[in-house]
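Participant: One structure coming up, written as structure tokens, with questions to follow.
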Amino acid sequence: MSQPSALIRRCPICRKPRVAEHAPFCSTRCRDRDLVNWLEEGYTLPGPVVDPEGDPEAGDFGN
Ligand SMILES: [Zn+2]
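Everything in the sequence shown is counted per this note's numbering, starting at 160 for the first residue and increasing by one.
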């Protein structure tokens, strides 16, 4: 039951061997993640970009 690794289709998200049920991904989690990535690209809106690291000026209150 061994397969050459080259023939194993891997999940494009996490590189684990994919599961036929969730092909071409290994799980619903990775499938959803790919979908989110796709949607985020599709829904790129013009306007101010929110910095995910936060506003650097907001971190100075502790001083
Ligand atoms: Zn995966």
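Glycine included, C-beta positions come from ideal geometry on N, C-alpha and C.
Looking at SER186: is its Cβ nearer than 8 Å to the Cβ of VAL178?
Facilitator: Contact flag set, yes.
Participant: Using the Cβ count rule (16 or more neighbours within 10 Å means buried), how would you classify CYS173?
Facilitator: The residue in question, CYS173, is exposed, as its Cβ has fewer than 16 Cβ neighbours within 10 Å.
Participant: Rounding to the nearest angstrom, what Cα-Cα distance links PHE184 and GLY201 in this structure?
Facilitator: For PHE184 and GLY201, the distance between alpha carbons rounds to 21 Å.
Participant: So, at 7 Å on beta carbons, what are the nonlocal neighbours of ILE167 in its own chain, with the 5 sequence-adjacent residues on each side left out?
Facilitator: Answer for ILE167: PRO176, listed in chain order.
Participant: What does the alpha-carbon distance come out to for the pair GLU180 and GLU199?
Facilitator: One C-alpha to the other measures close to 25 Å.
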